[in-house]
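Single-structure report; data block below.
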Amino acid sequence: MYNIKVVSKMIDVPAVTLRAWERRYDLKPSARTQGGHRLYSEQDIEALKWIKHQLEHEGLTISQAVVQLKQKQAKTSKSLPHQVPHQFTDIEEVLYQHLISFEGEKATETVESSFSLYRYDQIFMHVLVPLMHRIGHDWAAGRITVAQEHYATQFLIQRCYMMLHVFPTYPFLPSFLALCPQGEHHQVGLLLFTLFLRQKGVKVIYLGPNMPCEGLDEIIVKHHIQFVAMSLTISEYLPEALTTIETLQNQFKHLSFALGGHGFKHVDKIDQKWLVGEQTEEWEKWFESVLKRVEIK
Numbered sequence: 001m002y003n004i005k006v007v008s009k010m011i012d013v014p015a016v017t018l019r020a021w022e023r024r025y026d027l028k029p030s031a032r033t034q035g036g037h038r039l040y041s042e043q044d045i046e047a048l049k050w051i052k053h054q055l056e057h058e059g060l061t062i063s064q065a066v067v068q069l070k071q072k073q074a075k076t077s078k079s080l081p082h083q084v085p086h087q088f089t090d091i092e093e094v095l096y097q098h099l100i101s102f103e104g105e106k107a108t109e110t111v112e113s114s115f116s117l118y119r120y121d122q123i124f125m126h127v128l129v130p131l132m133h134r135i136g137h138d139w140a141a142g143r144i145t146v147a148q149e150h151y152a153t154q155f156l157i158q159r160c161y162m163m164l165h166v167f168p169t170y171p172f173l174p175s176f177l178a179l180c181p182q183g184e185h186h187q188v189g190l191l192l193f194t195l196f197l198r199q200k201g202v203k204v205i206y207l208g209p210n211m212p213c214e215g216l217d218e219i220i221v222k223h224h225i226q227f228v229a230m231s232l233t234i235s236e237y238l239p240e241a242l243t244t245i246e247t248l249q250n251q252f253k254h255l256s257f258a259l260g261g262h263g264f265k266h267v268d269k270i271d272q273k274w275l276v277g278e279q280t281e282e283w284e285k286w287f288e289s290v291l292k293r294v295e296i297k
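Residue numbers (the UniProt record's numbering): 1 to 297.
Next comes the structure, spelled out in structure tokens:
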């Protein structure tokens with residue numbers, strides 16, 4: 001990953017121009033440091049070089065070049081819809097073996113090395129999400145012990161927490177509040193969905209598990225929240241979840257919800273457009289539908 005000063009010298013484009021492109025045309029870097037400084041990946045740099053070439057040698061305007069870049073990236077993405085590059089599956093396997101062997105330092109080295117080679121969103125989508133699902137499935141199938149599952153899950157949760165504030169946010173996107181209803185302590189699904197939103201540039205206030213309804217109204221008003229993301233694994237706590245939803249609906253007519261987890265399945269009282277699904281492909285479709293419904297200023 002490279003800072004903006006280095007990238008500016010590498011591609012011979014002033015830093016002020018790179019910032020303007022980011023602000024006006026969404027040519028954003030893959031990540032930011034804890035202090036908010038931009039971090040560009042190799043892929044980011046190649047995209048900027050391509051843009052510069054179109055401007056200098058093809059006679060395109062910046063807006064035309066950006067449109068062509070987005071189309072080019074979309075075609076590349078669609079050509080491999082279900083294919084995860086082998087390097088990501090290799091990283092997942094190495095990380096899995098370290099975690100079930102209780103080798104935290106080696107697991108940390110693997111993650112840090114991955115972040116130095118690939119974008120944060122790539123590691124999240126292609127390594128952390130499938131690994132989290134794999135650990136859960138292997139525990140349910142009896143292939144790993146409870147201790148192994150707990151150790152691996154806690155490690156991944158900690159890494160996810162560290163990533164929550166890495167991605168830049170964009171004020172034109174709707175703001176989210178993320179929580180599990182009172183009594184629900186399973187937060188992995190909520191955390192993964194929150195990271196999915198964050199890597200999209202969405203501002204999310206993450207409250208985590210076992211959250212009562214009291215005090216949510218103040219946060220919604222102060223931070224102009226438009227969506228509440230809620231995860232429910234244990235159906236026993238469905239009454240608490242429905243009470244929270246109904247209470248907030250009555251207070252805030254503009255509010256929408258993003259609901260996920262087994263606990264929300266087959267519930268007649270829930271608007272179907274609020275259900276986000278469990279796979280990242282479903283999240284992508286849901287997020288696209290959100291962008292079509294909300295007013296982006």
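Note that CB positions come from ideal geometry on N, CA and C, so glycine has one too.
These numbers come from a predicted model, not from an experiment.
In terms of DSSP beta bridges, what is residue i paired with?
i, result
"Ala31", "Leu39"
"Tyr25", "BP columns for Tyr25 are empty, so no partner."
"Leu275", "Leu259"
"Ser175", "Ile225"
"Pro14", "Answer is none; Pro14 lacks a bridge partner."
"Ile205", "Leu177"
"Ser231", "Gly260"
How long is the line joining the alpha carbons of residue i and residue j, rounded to whole angstroms?
i, j, result
"Gln182", "Phe264", "15 angstroms"
"Arg23", "Glu105", "39 angstroms"
"Thr169", "Lys200", "8 angstroms"
"Ser79", "Glu281", "In this prediction, Ser79 has a pLDDT of 46, which is less than 50 and means its spatial position is unreliable; what the coordinates show is noted afterwards. If I take the Cα positions, the gap works out to 15 angstroms."
"His186", "Leu179", "10 angstroms"
"Thr110", "Glu93", "11 angstroms"
"Lys5", "Val66", "22 angstroms"
"Glu295", "Tyr161", "Note that Glu295 scores a pLDDT of 49, beneath 50, so its modelled location is shaky; the value from the coordinates is reported in the next line. Looking at the two C-alpha atoms, the distance is approximately 30 angstroms."
"Asp217", "Asn210", "17 angstroms"
"His82", "Lys72", "Legend: pLDDT at His82 = 46, less than 50; position of this residue unreliable, no value from coordinates given."
"Asp268", "Ser256", "17 angstroms"
"Phe167", "Arg293", "24 angstroms"
"Leu117", "Arg159", "17 angstroms"
"Pro14", "Trp21", "11 angstroms"
Taking only heavy atoms of the ligand FAD into account, decide whether any of them is closer than 7 angstroms to the Cβ of residue i.
i, result
"Cys160", "Among the ligands in the structure shown, none appear at all, so the ligand FAD cannot be discussed."
Could you tell me which of the options sits nearest to residue i, measuring between CA atoms?
i, options, result
"Thr89", "Ile100, Met125, Ala229", "Met125"
"Thr61", "Tyr25, Leu173, Glu284", "Tyr25"
"Phe102", "Ser116, Glu149, Glu56, Leu69", "Glu149"
"Tyr2", "Asp12, Pro29, Leu39", "Leu39"
"Gln122", "Val221, Val146, Ile91", "Ile91"
"His165", "Val202, Ala141, Ile135", "Val202"
"Val276", "Phe196, Lys222, Phe115", "Phe196"
"Ser235", "Asp217, Glu184, Lys52, Pro212", "Glu184"
"Ile45", "Leu95, Arg119, Phe115", "Arg119"
"Pro212", "Val221, His224, Leu248", "Leu248"
"Met10", "Lys70, Phe172, Lys52", "Lys52"
"residue 301", "Ala47, Gln43, Leu173, Phe252", "Past the edges of the chain, shown from 1 to 297, lies residue 301, and the structure says nothing about it."
"Leu96", "Asp138, Gln279, Glu56, His57", "It should be pointed out that residue 96 corresponds to Tyr in this sequence rather than to Leu. For Tyr96, the nearest C-alpha among the options comes from Asp138."
Assuming residue i contacts residue j (C-beta within less than 8 angstroms), just tell me the rounded distance between them.
i, j, result
"Leu238", "Leu207", "Contact flag wrong, Cβ pair sits at about 19 angstroms."
"Ile135", "Ala152", "5 angstroms"
"Ser114", "Val127", "7 angstroms"
Exercise for the section: Check whether the stretch 191 to 199 touches the stretch 237 to 246, counting contact only when three or more Cβ pairs, one atom from each stretch, lie closer than 8 angstroms. Expected result: Short answer: they don't touch.
Problem - contact_flag[the stretch 230 to 241, the stretch 256 to 275] where n(CB pairs < 8 angstroms) is 3 or more - result: With a cut-off of 8 angstroms on Cβ pairs, the stretch 230 to 241 is in contact with the stretch 256 to 275, counting three or more such pairs.
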